[in-house]
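A.B. asks:
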Amino acid sequence: MDSKRRQLITGFSLVGAGVLLNACRPNSGPSGSATNENTKNEGPKTGEEENVEVTATEDLMREHGILRRALLVYQESVVKLRQDAASVPPDALEKVANLFRVFGEDYHEKKLEETFIFPTVRSAPGMAGAYVDVLLQQHVRGREITDYVLSITKADRIASNSVEPLAKALESFVRMYEHHAAIEDTVIFPAWKAVTGEAQLDDLGEKFEEIEHEQFGDDGFEAALKRMEEIENSLGLSNLAMFTAPSPPK
Ligand SMILES: [Fe+2]
Ligand SMILES: [Fe+2]
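Residue numbers for the sequence shown follow the numbering used here, beginning at 3 and rising by one.
1. Do you know whose CA, among W194, S240, T198, S164, lies nearest A88's CA?
2. Only counting runs of 4 or more residues, tell me where the alpha helix (DSSP H) segments fall wholly within the stretch 120 to 204, in order along the chain.
3. Just to be sure I understand the criterion: a residue counts if its Cβ is closer than 6 Å to at least one heavy atom of ligand 3. Which residues meet that?
4. Can you tell me which of S125, E107, R124, D135 puts its alpha carbon nearest to the alpha carbon of E146?
5. Taking just the CA atoms, how far does A201 sit from P121?
6. Between the alpha carbons of H181 and E65, how many angstroms are there, rounded?
7. Give a yes or no on contact between the stretch 95 to 112 and the stretch 189 to 197, applying the rule of three or more CB pairs nearer than 8 Å.
8. With the cut-off set at 9 Å, would you say V151 and E96 are in Cβ contact?
9. Pairing CB atoms from the stretch 56 to 65 with CB atoms from the stretch 206 to 214, are three or more of them under 8 Å?
10. Considering only their Cβ atoms, is the gap separating M230 from R71 smaller than 9 Å?
11. Which word fits G199, buried or exposed, when buried means at least 16 other C-beta atoms lie within 10 angstroms of its C-beta?
12. Nearer than 8 Å: is that true of the beta carbon of L62 relative to any heavy atom of ligand 2?
13. Grab the span of the alpha helix (DSSP H) containing K97 for me, first residue to last.
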């Protein structure tokens with residue numbers, strides 16, 4: 003277990019990526035007591051979704067959901083880094099960056115979007131194709147930023163001269179990827195769906211499942227979700243109510 007955990011922290015191999023996603027137990031972050039509570043509050047158990055059929059576009063969009071939760075951790079970390087950098091455990095950020103690498107970049111982006119979605123959309127009628135080059139550039143930039151986050155968070159503490167550059171890199175990554183995913187959800191995936199046709203969509207839905215299985219074994223989305231929940235717990239970010247906005251001025 004320990005060696006696999008180490009792999010998660012240091013390795014980017016796609017072989018056995020499911021093991022990588024699964025490898026880290028709900029380990030003891032700074033606020034360990036939140037773990038049990040979160041498990042109780044998480045609503046439907048993640049495993050219950052396994053037998054529910056998921057369409058290809060729903061699959062892509064729920065993957066964005068995982069990535070958005072990672073972005074939220076980055077966003078909250080930016081605020082904490084600027085207030086008190088010592089309160090941000092580098093290994094938590096490293097885990098988020100690793101999840102983004104394995105689940106977001108190597109799987110969602112490379113295996114699905116760049117292989118199936120973008121080539122189809124590029125030649126589709128309408129405006130969607132015009133986005134493809136920028137979306138690809140953003141995948142590349144995202145990987146550069148993930149490399150950077152991984153390099154900075156390797157150490158036991160974030161060096162003081164890296165705090166603001168890291169905060170800025172995370173901030174710009176969140177800004178880019180929120181917009182990126184929103185364009186994919188609202189323009190790219192609908193365009194892809196429109197030109198693909200129902201029967202082929204069903205086949206591709208199954209194909210996506212196969213790829214997910216190949217990459218991660220039985221636990222692709224579910225393991226990534228569980229992993230994200232563990233990270234949120236460890237940082238005290240698992241209580242949705244804490245994000246309810248205050249009342250506006252009267
Ligand atoms: Fe993308
Ligand atoms: Fe995407």
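Beta carbons: idealized from backbone N, C-alpha and C, even for Gly.
C.D. replies: According to the structure data:
1. Comparing Cα-Cα distances from A88 to each of W194, S240, T198, S164, the minimum goes to S164.
2. Runs of the alpha helix (DSSP H) inside the stretch 120 to 204: 120 to 124, 134 to 154, 165 to 185, 191 to 198.
3. Ligands in the displayed structure: ligand 1 and ligand 2; ligand 3 is not one of them.
4. E107
5. In this structure, the alpha-carbon of P121 lies about 19 Å from that of A201.
6. In this structure, the CA atom of H181 is about 15 Å from the CA atom of E65.
7. no
8. yes
9. yes
10. yes
11. exposed
12. yes
13. 92 to 101
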